[in-house]
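Enquirer:
Number of protein chains: 2
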Amino acid sequence: MKRIAIDMDDVLAKTTHVIIDRINALVGKEFTYDELMTGTDAYKQEFYNDYLQNNSFLWEPGFFLDIPVNEDAIEVVKRLSEKYEIFIVSAATEFPNSLKEKLTWMEKYFPFITWKHIVFCGHKHMIQADYLIDDHEKNLHTFTGTPLLFTAPHNLHISDFKRVNNWKEIEKLLLN
Amino acid sequence: MKRIAIDMDDVLAKTTHVIIDRINALVGKEFTYDELMTGTDAYKQEFYNDYLQNNSFLWEPGFFLDIPVNEDAIEVVKRLSEKYEIFIVSAATEFPNSLKEKLTWMEKYFPFITWKHIVFCGHKHMIQADYLIDDHEKNLHTFTGTPLLFTAPHNLHISDFKRVNNWKEIEKLLLN
Numbered sequence: 281m282k283r284i285a286i287d288m289d290d291v292l293a294k295t296t297h298v299i300i301d302r303i304n305a306l307v308g309k310e311f312t313y314d315e316l317m318t319g320t321d322a323y324k325q326e327f328y329n330d331y332l333q334n335n336s337f338l339w340e341p342g343f344f345l346d347i348p349v350n351e352d353a354i355e356v357v358k359r360l361s362e363k364y365e366i367f368i369v370s371a372a373t374e375f376p377n378s379l380k381e382k383l384t385w386m387e388k389y390f391p392f393i394t395w396k397h398i399v400f401c402g403h404k405h406m407i408q409a410d411y412l413i414d415d416h417e418k419n420l421h422t423f424t425g426t427p428l429l430f431t432a433p434h435n436l437h438i439s440d441f442k443r444v445n446n447w448k449e450i451e452k453l454l455l456n
Numbered sequence: 281m282k283r284i285a286i287d288m289d290d291v292l293a294k295t296t297h298v299i300i301d302r303i304n305a306l307v308g309k310e311f312t313y314d315e316l317m318t319g320t321d322a323y324k325q326e327f328y329n330d331y332l333q334n335n336s337f338l339w340e341p342g343f344f345l346d347i348p349v350n351e352d353a354i355e356v357v358k359r360l361s362e363k364y365e366i367f368i369v370s371a372a373t374e375f376p377n378s379l380k381e382k383l384t385w386m387e388k389y390f391p392f393i394t395w396k397h398i399v400f401c402g403h404k405h406m407i408q409a410d411y412l413i414d415d416h417e418k419n420l421h422t423f424t425g426t427p428l429l430f431t432a433p434h435n436l437h438i439s440d441f442k443r444v445n446n447w448k449e450i451e452k453l454l455l456n
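From first to last, the protein sequence lines stand for chains A and B. Everything in the first sequence is counted per our numbering, starting at 281 for the first residue and increasing by one. Everything in the second sequence is counted per our numbering, starting at 281 for the first residue and increasing by one.
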């Protein structure tokens, strides 16, 4: 049975959407996800500057509990889990408070994936799998299997990997 | 640079020692680590029966914070980290409260290993490394590198793996 490693933030979970809301509230602006995807470099630069200066909420208790699940993620991961061995692999040890919250979140949305198949780490390069679905090039560059780049505003400029834009595309790629 | 994956409980940390104290307090007996290592099968059976019926403290907040570090572990891991890439790999996602506590514990005793090289998981068979030092045969059986069995009372009957009895032996094996 082939193994798929799946990232959480911005792959299973709409983390950037929540981050945008928090940044807007902190700096009094009106950034939107759609404009981050389609806007000018200057727009993105302004957002990421504000983000880097105001992201201490990532370390606060509660942040990772209330993130919406990505469209079609539950259904497609469920179908994938019937054909593949699924590991959820989240680079989360930087955020000590997130760990228990991420387990709770997984139990809420993906109860068919137990703690036995959830991995929290820093670096991901010691993960052995056939596929890694991730939004960060740093994780994909060192991966020894087939990397799949899940589209997010911060990776639109990357062209080194096979790109998947949403869970329906993953379904088509890995289940048909 | 070769990579070593190192388990926490009963390898870096004297977890069974603390478990024995907790069980003794709960059932009013006087089990000792030395007798678990050298005693009769009946003695061990009695302990593990009591343990399996009274181990809910493993899920309680605080348990994993106050575990003594194993003899020579700090010095040897420090020396190993100069020659090998070290990952700490703990099967901890079964115990949601342990995760943050294990990060705190690592920072206290092994500050030279950062969150980037700490992994919390359930199964360990997707970990890619040259060596895995672990006290549980279930983790070593599926490992694709060289497994090293760290001696603990519950694994004295296992003869399938190269055994290491303490950190001095690991130093001799991997650094000389």
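Using N, Cα and C, we set each Cβ at its ideal position, and we do this for glycine too. Just so you know, these numbers come straight off a predicted model, no measurement behind them.
For the pair the segment 353-371 of chain B and the segment 395-414 of chain B, tell me if three or more CB-CB distances fall below 8 Å.
Expert: These segments touch.
Enquirer: On a CA-only basis, which of A/ILE284, A/ASN350 and A/GLN325 is nearest A/VAL298? Give me that one, please.
Expert: Stepping through the first sequence from its first residue, residue 298 of chain A is reached at position 18. Cα-wise, what sits closest to A/VAL298 is A/ASN350.
Enquirer: So that I know if they touch, is there some Cβ in chain A lying closer than 8 Å to that of B/MET406?
Expert: For the purposes of this step, residue 406 of chain B is taken as the residue at position 126 of the second sequence. It does; some Cβ of chain A falls within 8 Å.
Enquirer: With H, G and I counted as helix, E and B as strand and the rest as coil, what does DSSP make of B/THR320?
Expert: Your numbering for residue 320 of chain B matches position 40 in the second sequence. Coil at B/THR320, not helix or strand.
Enquirer: What span of residues does the beta strand (DSSP E) with B/SER370 cover, start to end?
Expert: By 1-based counting over the second sequence, the position of residue 370 of chain B is 90. Taken as a continuous stretch (DSSP letters only), the beta strand (DSSP E) holding B/SER370 covers 365-371.
Enquirer: Below 8 Å between beta carbons: does that hold for A/PRO341 and A/LYS294?
Expert: Looking up residue 341 of chain A in the first sequence gives position 61. Looking up residue 294 of chain A in the first sequence gives position 14. No; because the gap between Cβ atoms is not below 8 Å, this pair is not in contact.
Enquirer: So is A/GLU310 buried or exposed if we call it buried at 16+ other beta carbons inside 10 Å?
Expert: On the first sequence, position 30 is the one that residue 310 of chain A refers to. Looking at its Cβ environment, which holds fewer than 16 other Cβ atoms inside 10 Å, A/GLU310 is exposed.
Enquirer: Can you name, in chain order, every residue of its own chain whose Cβ lies under 8 Å from the Cβ of B/SER466, other than the five neighbours on each side?
Expert: Nothing about residue 466 of chain B can be read from this structure; chain B reaches only from 281 to 456.
Enquirer: Going along the chain, which residues of the segment 414-425 of chain B sit with their C-beta nearer than 9 Å to a C-beta in chain A?
Expert: Hits within the stretch, in order: THR424.
Enquirer: Assess, as a yes-or-no matter, whether the segment 443-456 of chain A is touched by the segment 416-433 of chain A under the definition of 3 or more beta carbon pairs within less than 8 Å.
Expert: Yes, the segment 416-433 of chain A is in contact with the segment 443-456 of chain A.
Enquirer: Starting from A/LEU455, trace the alpha helix (DSSP H) in both directions and tell me its first and last residue.
Expert: Position 175 of the first sequence, counted from the first residue, corresponds to residue 455 of chain A. First-last of the alpha helix (DSSP H) with A/LEU455: 447-455.
Enquirer: A/HIS403 versus chain B: which residues are under 7 Å apart at the beta carbon?
Expert: As a first step, residue 403 of chain A is located in the first sequence; it is residue number 123 there, counting from the start. LYS396 and HIS397, listed in chain order.
Enquirer: Could you give the distance in angstroms between the alpha-carbon of A/THR223 and the alpha-carbon of B/THR318?
Expert: There is no way to answer for residue 223 of chain A, as the model of chain A reaches only from 281 to 456.
Enquirer: CB B/ARG283 to CB B/ASP410, shorter than 8 Å?
Expert: As a first step, residue 283 of chain B must be located in the second sequence, where it is residue number 3. As a first step, residue 410 of chain B must be located in the second sequence, where it is residue number 130. Contact: yes.
Enquirer: Please compile the residues from chain B whose C-beta is within a distance smaller than 9 Å of the C-beta of A/LEU454.
Expert: Within the first sequence, residue 454 of chain A is the residue found at index 174, counting from 1. Those within 9 Å of A/LEU454 in chain B number zero; the least Cβ separation is about 17 Å.
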